[in-house]
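Worksheet: the structure to be examined is printed underneath.
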Ligand SMILES: Cc1ncc(COP(=O)(O)O)c(C=O)c1O
């Protein structure tokens, strides 16, 4: 029996290998400059963050040891939710074990069969995977194209009970972002439920690091905010924040992602809480991270590379062919520089890229050095 299964699985793996799309796990200890990390403020080894994790570890132990509905919901979880709520100005909230689980929970359990989900075409897989699996209809609008979104709202707003509009703030693979003020205006006109994933906006955007919604002054318009603890907050886990206690009560009752999983470990919670304190006072660092990414992006553009024109810490360098993306990534790695080779199905066909995620640990002279290596590779390909 296992032979038939293996033969089918191996065929699919072979196809991936042949097209340069095979994924493998690697332990990468030797790279000096890691530009795949989302630890934007380099806090995972910060003494205060380690102390936060240790204090929670010593106080509560290494594990929460149960579902949050049994005894896994501890004072440290409650405390962190309160800090996050205050930060992002929402009255209710919940922690999930990962951002993936939080998004799955929201998109699986909140929309009903009389509802419609409108999602950005390039939305993160943690959201996309829930679309089409349930009774709720969904449509995709062109990436960042709020005119297209408005067209869809116009066509559909009378035919559905509730419309959900879902987008990331700073897109994880592209580093670009929608005009959230425009989205807020559309919300006033069409009265949809707005879900915003601030995984990559948190920390790096906004006057207190509250995210792109804070930066653009629309936090109060967002109905449901999602963010992860595993990126700028240097830990692991995620949060959902909203002004609707009913939404939270519903998730506590119906979300299997929450109910049937051992809750987030205390050390992760302690680390995130300590990182949160630091991030709220780190806006000068956030600005310099974005400035460095902008310099990199502008220079790439002037040298003829394909990228985007947004002020953000994530810079994609689009090369198109997946094998080229891998080759280029390996070339940089020979020089101790690690960038993510991102290929389909994570990104659309012909848009394979290197993804550079700038953070506080990148030395200033690296921008020039990386561009030199990229150009050298391009010259040789000609
Ligand atoms: C936009 C976005 N949402 C959600 C997630 C999932 O978060 P987590 O890593 O906590 O599962 C990610 C992680 O890559 C992400 O980029």
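Residue numbers (my numbering): 37 to 418. Every residue, glycine too, gets a C-beta built ideally from N, C-alpha and C. Everything numeric in this text was worked out from a predicted model, so none of it was measured.
Heavy atom of ligand 1 within 7 Å of residue i beta-carbon
i: residue 168; result: no
i: residue 135; result: yes
i: residue 343; result: no
i: residue 293; result: no
i: residue 139; result: yes
i: residue 72; result: no
i: residue 242; result: no
i: residue 264; result: yes
i: residue 274; result: yes
i: residue 233; result: yes
i: residue 395; result: no
i: residue 236; result: yes
i: residue 271; result: no
i: residue 217; result: no
i: residue 179; result: no
i: residue 318; result: no
i: residue 348; result: no
Cβ pair residue i, residue j closer than 8 Å
i: residue 390; j: residue 405; result: no
i: residue 325; j: residue 342; result: no
i: residue 147; j: residue 172; result: yes
i: residue 240; j: residue 259; result: no
i: residue 298; j: residue 135; result: no
i: residue 198; j: residue 232; result: no
i: residue 186; j: residue 216; result: no
i: residue 284; j: residue 129; result: yes
i: residue 303; j: residue 138; result: no
Cut-off 8 Å between Cβ atoms - residues of its own chain near residue i, not counting five sequence neighbours on either side
i: residue 174; result: 152, 153, 154, 155, 167 and 168
i: residue 208; result: 160, 235, 236 and 350
Contacting residues, own chain, Cβ-Cβ under 7 Å from residue i (five flanking each side not counted)
i: residue 393; result: 71, 72, 73, 74, 349 and 350
i: residue 188; result: 154, 175 and 177
i: residue 246; result: 123, 124 and 255
i: residue 52; result: 58
i: residue 346; result: 211, 212 and 213
Buried/exposed call for residue i, threshold 16 Cβ in 10 Å
i: residue 124; result: buried
i: residue 133; result: buried
i: residue 450; result: This structure gives no information on residue 450, because the portion of the chain shown stretches from 37 to 418.
i: residue 213; result: buried
i: residue 272; result: buried
i: residue 40; result: exposed
Cβ-based neighbour list, residue i, same chain, cut-off 6 Å, excluding 5 preceding and 5 following
i: residue 329; result: 349, 351 and 394
i: residue 220; result: 254 and 257
Neighbour flag for residue i against chain C, beta carbons, 8 Å
i: residue 363; result: Of the chains in the structure shown, none is chain C; there is only one protein chain.
### Task
For the segment 59-75 and the segment 246-260, state whether three or more C-beta atom pairs, one from each stretch, are separated by less than 8 Å.
no
### Query
Taking contact to mean at least 3 C-beta pairs separated by less than 8 Å, is the segment 303-312 in contact with the segment 258-271?
yes
### Query
Counting pairs of beta carbons, one from the segment 344-363 and one from the segment 136-143, are three or more of them closer than 8 Å?
no
### Task
Count the C-beta pairs between the segment 287-304 and the segment 97-114 that are closer than 8 Å, then say yes if the count reaches three, no if not.
yes
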